[in-house]
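Mapping of the sequence shown onto numbering that gives the first Met the number 0: position 63 corresponds to residue 62, and the numbering continues sequentially without gaps. Okay, structure first, notes after.
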Amino acid sequence: MKKSILILSMALLSLCASAQHDHASGTAEKATSKQMAPMFEDQNMGLAYGAYIQLKEALVASESKSAATAAAGLQKSLAAVDNSKSALAEAAKVAKAATLDDRRKAFVGLSNEMTALVKGAKLSMGTIYLDYCPMAKGSWLSNDKEIKNPYYGSKMLSCGSVKETIE
Numbered sequence: 000m001k002k003s004i005l006i007l008s009m010a011l012l013s014l015c016a017s018a019q020h021d022h023a024s025g026t027a028e029k030a031t032s033k034q035m036a037p038m039f040e041d042q043n044m045g046l047a048y049g050a051y052i053q054l055k056e057a058l059v060a061s062e063s064k065s066a067a068t069a070a071a072g073l074q075k076s077l078a079a080v081d082n083s084k085s086a087l088a089e090a091a092k093v094a095k096a097a098t099l100d101d102r103r104k105a106f107v108g109l110s111n112e113m114t115a116l117v118k119g120a121k122l123s124m125g126t127i128y129l130d131y132c133p134m135a136k137g138s139w140l141s142n143d144k145e146i147k148n149p150y151y152g153s154k155m156l157s158c159g160s161v162k163e164t165i166e
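Here is the structure:
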């Protein structure tokens, strides 16, 4: 049931990202920064990556409770992914952190582990961007080129740059 809901939400997110157009001119407008969510050959990896993105977005929005909930969901998704023991431990640290700042600090280790998992997995379609913030000394994975920093939220939303493209 939970997998079905997560798959449905990822599909809706993909549709929303690709359905942007200009009603005034009547022509379809190509989204410049938002891309279709990447798809993995391993469905469990796709679910875990989707849960990671939900966590990242909660941190960008500075929503500590949502981040804790997303981290718990990520733990459940990672349990079904091969070689995810380290990432699972890092997700637990994010979920158990007492404050938003502590969650963000724990997200550095989680992002490193998720990056290793993503690089070891096979994408069937889409692109993933590895972003880096020199102020936080941390990286994160993203579905689009536009920088939205999970380490500082609105304080430094665009701090960082794309360091690598994973296809």
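By construction, the Cβ of each residue, glycine as well, lies at the ideal position given by its N, Cα and C atoms. This one's a predicted model, so the numbers in the text were calculated from it and none came from an experiment.
Give the straight-line distance between the Cα atoms of residue i and residue j, rounded to the nearest whole angstrom.
| i | j | result |
| --- | --- | --- |
| Val93 | Gly108 | 9 Å |
| Leu116 | Lys95 | 22 Å |
| Leu57 | Leu46 | For the sequence presented, residue 57 should be read as Ala rather than Leu. So the alpha carbons of these two residues sit roughly 17 Å apart. |
| Asn111 | Lys136 | 11 Å |
| Lys144 | Ser138 | 14 Å |
Considering only residues of the same chain and omitting the five flanking positions on each side of residue i, which have a CB-CB separation below 6 Å?
| i | result |
| --- | --- |
| Lys121 | Glu40 |
| Thr89 | It should be pointed out that residue 89 corresponds to Glu in this sequence rather than to Thr. Excluding sequence neighbours, Glu89 sits near Gly108, Leu109, Glu112. |
Only counting the same chain, and skipping five residues up and downstream in sequence, which positions put a Cβ closer than 8 Å to that of residue i?
| i | result |
| --- | --- |
| Val59 | Lys147, Asn148, Pro149, Gly152, Leu156 |
Taking residue i and residue j to be in contact with their CB atoms under 8 Å, please state how far apart those CB atoms are, rounded to whole angstroms.
| i | j | result |
| --- | --- | --- |
| Gly125 | Met44 | Wrong, their Cβ atoms sit about 13 Å apart, outside the cutoff. |
| Leu77 | Ala67 | Incorrect: roughly 16 Å between the Cβ atoms, too far for contact. |
| Lys162 | Asp130 | 7 Å |
| Gln53 | Ala71 | In fact, because the Cβ distance is near 11 Å, the residues do not count as touching under 8 Å. |
My output table needs one value for residue i: the three-state DSSP class, helix, strand or coil.
| i | result |
| --- | --- |
| Leu156 | coil |
| Asp100 | helix |
| Met0 | Here Met0 scores only 46 on pLDDT, less than 50, and its place in the model should not be relied on; the value that follows carries that caveat. DSSP places Met0 in coil when its eight states are reduced to three. |
| Gly137 | strand |
| Glu40 | coil |
Below 7 Å CB to CB, which residues in the same chain sit around residue i once its five sequence neighbours on both sides are set aside?
| i | result |
| --- | --- |
| Ala91 | Gln74 |
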